[in-house]
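Peer 1: The opening residue of the sequence shown carries number 22 in the numbering used here; numbering runs sequentially from there.
Every residue, glycine too, gets a C-beta built ideally from N, C-alpha and C.
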Amino acid sequence: MGSPMRTPLARARGLGSARDGASHWWTQRLTAAALVALGLWFVWLVLSLLHADYATARAALARPWNAVLMIAFTSTMFWHAQLGLQVVIEDYVHVRWREIVLLALVKFLAVLGALACALAVLRVALGS
22 MGSPMRTPLA RARGLGSARD GASHWWTQRL TAAALVALGL WFVWLVLSLL
72 HADYATARAA LARPWNAVLM IAFTSTMFWH AQLGLQVVIE DYVHVRWREI
122 VLLALVKFLA VLGALACALA VLRVALGS
């Protein structure tokens, strides 16, 4: 039960480590910063292709730097989304088994989405 003479800090110790939260927070901030830069590139690409035909758009995406940046953009987007949804699930789902199932589902869907986007970009870039 614990002694009633213990301070709140003493009672809180032993309830788990807070070290992981800082890493998660920094990862969210870094992916957000990367998405700002990659998002600006993406907007520039879309605006430059605004009145282009399909063949021109496909050729633009087939350029190596554009293909690499598109894969980086979509992968970072799914990673950032997964991190954000993880925080929401951990904060608002209070039944442990539901939390675990939802966290696993979100991670699975994020990986699946990132792989699908990478495959689509590679198919366009490699011409298949």
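Are the CB atoms of Thr52 and Leu133 nearer to each other than 9 Å?
Peer 2: no
Peer 1: What residue range is occupied by the uninterrupted alpha helix (DSSP H) comprising Ala73?
Peer 2: Neither: Ala73 is in no alpha helix (DSSP H) and is coded neither H nor E.
Peer 1: How many Å lie between Arg119 and His101 at the Cα?
Peer 2: 22 Å
Peer 1: For the alpha helix (DSSP H) containing Val114, list its first residue and its last residue.
Peer 2: Segment: none, Val114 is in no alpha helix (DSSP H) and carries neither H nor E.
Peer 1: Take the Cβ of Ser96 as the centre, count every other Cβ of all protein chains shown within 10 Å, and call the residue buried at 16 or more, exposed below.
Peer 2: buried
Peer 1: Give me the Cβ distance between Ala81 and Leu66, rounded to the nearest whole Å; I'm assuming they're in contact under 8 Å.
Peer 2: 7 Å
Peer 1: Just mark Ala137 as buried or exposed, buried being the case when its beta carbon has 16 or more other beta carbons within 10 Å.
Peer 2: exposed
Peer 1: Taking the alpha carbon of Leu147 as the point to measure from, which residue in Arg84, Trp47, Val57, Ala78 has its own alpha carbon closest?
Peer 2: Arg84
Peer 1: Could you check whether Glu111 and Leu124 sit closer than 9 Å to each other, using their CB atoms as the reference points?
Peer 2: Yes, the Cβ-Cβ distance between Leu124 and Glu111 is below 9 Å.
Peer 1: If you count every other CB in all the chains shown that lies within 10 Å of the CB of Phe2, and 16 or more means buried, which is it?
Peer 2: Only positions 22 to 149 of the chain appear in this structure, which leaves residue 2 out of reach.
Peer 1: Comparing alpha-carbon positions, which option in Leu59, Ala73, Leu68, Leu70 lies nearest Ile92?
Peer 2: The shortest Cα separation from Ile92 among Leu59, Ala73, Leu68, Leu70 belongs to Leu59.
Peer 1: Between Ser149, Val122, Leu130, Val108, which has its C-alpha nearest Ala43's C-alpha?
Peer 2: Val108
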